[in-house]
Each structure stands twice: as structure tokens, then as C-alpha cells.
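**Student:** Protein chains in written order, with the working numbering: chain A, 1 to 114; chain B, 1 to 422.
Even for Gly, the Cβ is constructed at its ideal location relative to N, Cα and C.
Computed from a predicted structure; not experimentally measured.
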């Protein structure tokens with residue numbers, strides 16, 4: 001088995017009705033539960049604030065985020081276990097983020113023998 | 001843990017009510033933004049960490065913290081309620097003052113204040129109902145439009161306009177010392193009654209929509225009873241009426257969503273617990289001198305709810321209740337229902353006579369159940385051809401698919417060769 005990080009990208013600010021937001025939340029819960037039951041989840045991960053600070057360069061210049069367009073901002077991550085990248089991609093396709101036109105970035109964790 | 005059904009929608013109403021009190025009703029949009037934020041946050045966090053032990057408390061706490069942020073950031077930019085403006089001067093007093101506003105009793109009172117505020121005399125009854133649904137029940141414009149079978153644009157306009165009037169009133173309705181309390185209570189009862197009826201007679205094909213609206217009306221009327229000043233005999237009678245009707249709501253339609261007449265309904269599907277509650281409330285409403293139309297309508301619904309079938313129904317009691325209703329609130333629809341009850345009691349010919357005597361019957365021009373009642377009674381009198389013409393007229397006037405299918409069935413009943421038993 002290999003490890004993958006799912007990075008959830010997309011705007012978290014949406015003008016949906018409370019009922020629609022609850023439905024969306026329930027879809028997420030159901031998806032996460034299914035993944036957990038199938039043994040794909042190493043860690044459910046965390047949501048990330050959509051703004052923060054960027055410290056960069058030799059001068060360690062500090063700037064305020066967000067650092068990308070709303071649709072590219074990472075809103076959270078999950079650590080997933082899968083056979084290979086193809087399976088990880090298949091697993092990601094059930095993510096409810098696609099309902100709101102978001103994206104899942106699937107990144108293999110580098111395998112390193114030490 | 002699974003969140004309860006419609007949790008977000010219900011919490012939306014509670015949170016907006018509290019926040020509108022804190023920020024002032026003229027900052028209603030700000031209150032709505034904070035609520036939206038709280039839901040976004042819940043969505044973000046819960047999907048990774050699961051639903052918390054007490055989701056309502058979590059949402060309220062999140063809204064409270066967001067409210068504090070907003071108050072600290074904008075303390076000079078906006079005018080909040082005067083009392084709070086004073087607290088705002090110091091962090092020492094701000095946090096406890098806001099926390100107090102989020103206490104359980106305060107939340108109930110704030111919802112009631114908002115309910116009374118939504119029934120502003122400058123607003124039409126339709127606008128009041130739409131506003132209550134939007135602010136206190138968490139329905140979006142799209143959801144209200146779907147329930148009322150109205151265009152989004154029309155509802156959007158109605159709500160935007162109403163909110164402007166609400167904001168311009170500067171203050172939420174205060175019960176203490178309100179000179180117009182009685183008048184405002186009457187408007188609130190009326191709005192809740194209309195909200196229930198909107199659900200009960202909804203043109204929307206989706207049965208879930210109908211039940212949603214009726215249940216929201218029941219929830220808010222229960223809330224109204226918690227306010228001692230509003231806990232009048234009429235409010236009890238109103239809730240009794242809703243209980244009796246909600247108990248029988250699902251039986252009004254069959255499995256395929258078709259409308260069923262009273263005689264076709266499966267009475268074993270009626271919710272006995274709700275009927276018992278309705279009876280209890282109706283008993284409690286029988287105090288004081290006032291007999292409102294809610295009392296009479298609830299009493300009629302009680303007679304139906306307690307009858308084993310159409311034949312066993314105490315039609316004499318129903319006729320006299322309709323007589324009383326005609327005396328205090330005459331309308332062609334009530335006169336029509338009274339005539340139908342008389343037909344049950346004294347035969348279809350008498351019913352037809354009564355219908356012919358209804359004043360104002362031209363107001364029925366677009367009301368399909370007038371033609372349908374004529375059809376029903378002609379059919380029972382054995383005049384099938386005449387009955388069919390009336391049902392065809394009803395069919396022509398039908399306002400939604402459920403009514404259409406129902407009248408189609410009545411038209412074919414006139415063609416059937418078998419003798420009609422009713």
C-alpha cells in the first residue's frame with residue numbers, strides 16, 4: 001500500500017441555503033465514512049483556514065494570504081492509503097467537492113527507504 | 001453522529017433572531033452573513049472531524065464568536081442596540097453581555113420578537129409569511145418560490161422589499177409596554193395560519209414541501225404559546241386546528257401523490273397522537289369569552305378527526321359550527337362547506353339548494369371545488385350528465401396536477417355504468 005495526500009481545492013465561501021449546506025455536509029460525512037470503512041483513510045486530516053501568512057525569500061518577507069485564486073485555495077487535506085495512484089484517483093472521484101466545482105489534488109507521499 | 005433533519009434550517013432562524021437583536025434589526029444583512037459564516041465553518045470542520053456532540057450548541061458558539069469579532073472590528077462603524085453600545089466600550093463587559101444574549105431563554109424570546117417584527121402592519125400578509133419563512137425558518141428564496149409555486153424573482157422582490165421595511169422600523173418589536181400588542185398578536189396568528197394553509201393546500205406536487213411548511217407553522221405556533229402574553233385561547237385553538245389537520249395531512253394523498261376525498265381517506269393512517277394533542281389544546285382553548293374562527297375551525301376538524309368514517313360523522317354538529325363560523329367570518333368558501341355538510345345531513349337536494357343560495361357565488365369563478373361540489377351532489381342525486389359537466393368545469397379550473405388527476409377521476413366516475421353508492 002502507498003500513501004497519498006488529498007488536497008481539497010475550491011472556494012469554501014458559498015451562498016447556498018442552510019438546507020443545501022446541510023445536504024452537502026451529509027454527503028461529505030457519508031463519503032468519509034465509506035472511505036474509512038474500506039480502510040482507505042490513514043488520517044481524516046484537517047480543514048485549513050483560507051487565509052494566513054506567507055513568509056518568503058531570503059529577506060523572510062511576510063505577506064498576508066490568500067495566495068491563490070479562490071478556486072485554487074486549499075481548504076483541507078486527508079491522508080489516504082491506496083494500492084497505487086490509479087486507485088487513489090478512483091477513490092477521490094466520490095468526493096462531494098465536485099458538486100460545487102471544486103478539485104481534489106492527489107499527491108503521492110514520497111516513498112523513502114532510510 | 002448524524003445531525004437531525006433540517007438542523008441547519010432551524011438553527012438559521014434561531015441564530016439570525018439572536019444576532020439581529022445584538023446588531024440591531026437595521027443590520028439584519030450582517031446577522032445573516034454571520035449565520036452563513038457559521039454554516040460554512042461547520043461544513044468545513046465537521047466534514048473532517050465529524051459532527052460534534054451537540055451540533056446546535058457548536059453552531060451557536062461559532063456564531064457568538066463571530067459576532068464578537070464583528071463587534072470588536074466594527075465597534076465604531078455601526079450603531080448597535082444602545083445597551084450593547086455601552087458594553088462595547090470595554091472588552092471586560094462585551095463578552096459576557098454577548099454571551100448572555102445567547103442564553104436559551106433569550107434565544108426563544110428573540111425568535112418571538114422577530115416573529116412579531118415580521119408581522120409589521122406595513123407588510124401585506126403574503127409578505128409577512130414569506131419573511132417568517134425566510135428569516136425564522138431558514139428557507140432560501142428559491143425554496144420559498146418552489147413551495148409557493150411562484151417565480152424566484154417575485155419572491156426575491158417581496159423579501160427584499162419586506163426586509164427594507166423591517167430595517168427601517170429600526171427596532172425589533174418589544175412586548176413590554178407595547179400598546180399595539182393585541183393587534184400584532186392577531187397578525188402573527190393570522191400569518192402562522194396562512195403559513196399552515198399554504199402547506200396544507202400547497203399547489204406544489206412534492207408532499208415533502210407540504211409537510212415542511214405545516215411542520216414549520218406548528219413549530220412556530222408552539223413557540224408562540226411559550227410567550228405568556230401570547231398564550232391566549234385563540235393561540236391554543238390555532239395550534240389545535242394545526243394538530244388535527246397535520247395529523248390527517250398524509251392521508252389526503254395516496255401512494256402516487258393523488259388527492260383523496262374525505263370518504264376515500266384511510267383513517268388508520270391518521271396520527272392519533274397529534275389528534276390527542278389537538279383535543280387537549282382545544283379543551284384548553286375553551287376559556288374566556290372569545291370564540292375565534294380558530295376555535296370553530298378546530299372544533300370542525302375535531303369532529304372529523306374523531307369520526308370512524310364519513311357516515312359516522314356528527315354532521316349536525318358540523319353544520320352548527322359552520323353556522324357559527326358564518327356569523328363571525330362569513331365567506332363563500334365557508335358557505336360552500338356548510339352546504340356540503342347540510343347535504344351529508346339532509347341529502348344532496350338540500351345541499352344543492354344551499355349552494356344556489358350562496359351570495360357572492362361569482363367569486364367562485366376560478367375555484368374548482370365549487371364546481372366539484374355541484375358535481376358531487378348532482379351525482380348523488382343520480383344526474384350523471386349534469387354531474388359530469390360540473391366535474392369537467394372543475395377539471396378546467398384545476399390549479400395543479402394533483403387536482404387535475406382528482407377531477408379526471410370524478411369525471412370518469414360519472415361515466416361508469418355501475419350505480420353510484422354515495
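Would you check if the distance between the CB atom of residue 246 of chain B and the CB atom of residue 218 of chain B is smaller than 8 Å?
**Tutor:** For residue 246 of chain B and residue 218 of chain B, yes; Cβs fall inside 8 Å.
**Student:** Here's the rule I'm using: 16 or more other beta-carbon atoms within 10 Å means buried, otherwise exposed. How should residue 424 of chain B be labelled?
**Tutor:** What is shown of chain B runs 1 to 422, which leaves residue 424 of chain B out entirely.
**Student:** So, do the stretch 211-228 of chain B and the stretch 104-116 of chain B have three or more beta carbon pairs nearer to each other than 8 Å?
**Tutor:** Yes: the two stretches touch, three or more of their Cβ pairs being nearer than 8 Å.
**Student:** So what does DSSP say about residue 34 of chain B, is it helix, strand or coil?
**Tutor:** DSSP places residue 34 of chain B in helix when its eight states are reduced to three.
**Student:** Given a threshold of 16 other Cβ atoms within 10 Å of its Cβ, counted over all protein chains shown, does residue 177 of chain B qualify as buried or as exposed?
**Tutor:** Classification of residue 177 of chain B: exposed, given that the 10 Å Cβ count is below 16.
**Student:** So residue 322 of chain B and residue 309 of chain B are in contact, right, with Cβ under 8 Å, and what is the actual spacing, rounded?
**Tutor:** The Cβ separation is near 20 Å, so there is no contact.
**Student:** Where residue 68 of chain A and residue 19 of chain A are concerned, what is the direct C-alpha to C-alpha distance, given to the nearest angstrom?
**Tutor:** The straight-line gap from Cα to Cα measures roughly 29 Å.
**Student:** For a test of the three-state rule: what should DSSP assign to residue 43 of chain A, helix, strand or coil?
**Tutor:** If DSSP states are grouped into helix, strand and coil, residue 43 of chain A belongs with the strands.
**Student:** Excluding the 5 residues preceding and the 5 following residue 55 of chain A in the sequence, name in chain order all residues of the same chain whose CB lies nearer than 6 Å to its CB.
**Tutor:** Excluding sequence neighbours, residue 55 of chain A sits near 62.
**Student:** Mind pulling the chain B residues with CB within less than 8 Å of residue 29 of chain A?
**Tutor:** Result: 2, 46, 47, 50 and 51.
**Student:** Which of the three DSSP states is assigned to residue 323 of chain B in this structure?
**Tutor:** Helix at residue 323 of chain B.
**Student:** Would you kindly check if the distance between the Cβ of residue 105 of chain A and the Cβ of residue 7 of chain A is under 8 Å?
**Tutor:** Their beta carbons are under 8 Å apart, which means residue 7 of chain A touches residue 105 of chain A by this criterion.
**Student:** Starting from the C-beta of residue 241 of chain B, find all residues in its chain whose C-beta is less than 7 Å away, skip the five residues before and the five after it, and write them out in chain order.
**Tutor:** Excluding residues within five positions, the ones whose Cβ falls inside 7 Å are 294, 297, 298 and 301.
**Student:** List, in chain order, every chain A residue whose beta-carbon is nearer than 8 Å to that of residue 7 of chain B.
**Tutor:** Residues of chain A passing the Cβ test: 22.
**Student:** Between residue 19 of chain A and chain B, is there a C-beta pair that is closer than 8 Å?
**Tutor:** For residue 19 of chain A, the answer is yes, since a Cβ of chain B falls inside 8 Å of its Cβ.
**Student:** With C-beta atoms as the reference, is residue 238 of chain B less than 8 Å away from residue 282 of chain B?
**Tutor:** In this structure, residue 282 of chain B does not lie closer than 8 Å to residue 238 of chain B by Cβ.
**Student:** On the DSSP letters alone, give me the boundaries of the beta strand (DSSP E) that residue 6 of chain A sits inside.
**Tutor:** That run of the beta strand (DSSP E) goes 2-9.
**Student:** Please check the pair residue 21 of chain B and residue 172 of chain B, which I expect to be a contact at CB under 8 Å, by giving their CB distance rounded to whole angstroms.
**Tutor:** Correct: roughly 6 Å between the Cβ atoms.
**Student:** So who's on the other strand from residue 78 of chain A, going by DSSP bridges?
**Tutor:** In DSSP, residue 78 of chain A forms a bridge with A/6.
**Student:** Along the chain, where does the beta strand (DSSP E) that runs through residue 63 of chain A open and close?
**Tutor:** Element bounds for residue 63 of chain A: 61-64.
**Student:** Just how far apart, CA to CA, sit residue 261 of chain B and residue 376 of chain B?
**Tutor:** Looking at the two C-alpha atoms, the distance is approximately 11 Å.
**Student:** Mind checking if residue 42 of chain B is an interface residue toward chain A, Cβ cutoff 8 Å exclusive?
**Tutor:** With 8 Å as the cut-off, residue 42 of chain B counts as an interface residue toward chain A.
**Student:** Can you find a CB in chain B that lies within less than 8 Å of the CB of residue 1 of chain A?
**Tutor:** No - not a single Cβ of chain B is within 8 Å of the one on residue 1 of chain A.
**Student:** Going by beta-carbon coordinates alone, are residue 188 of chain B and residue 119 of chain B separated by less than 8 Å?
**Tutor:** Against a cut-off of 8 Å, the Cβ pair of residue 119 of chain B and residue 188 of chain B comes out as a contact.
**Student:** As a quick exercise: from B/114, B/45, B/64 and B/74, pick the residue whose alpha carbon is nearest that of residue 163 of chain B.
**Tutor:** That would be B/114, whose Cα lies nearest to the Cα of residue 163 of chain B.
**Student:** Does the beta carbon of residue 39 of chain A sit closer than 8 Å to a beta carbon anywhere in chain B?
**Tutor:** No, residue 39 of chain A lies away from the interface with chain B (no Cβ there is under 8 Å from its Cβ).
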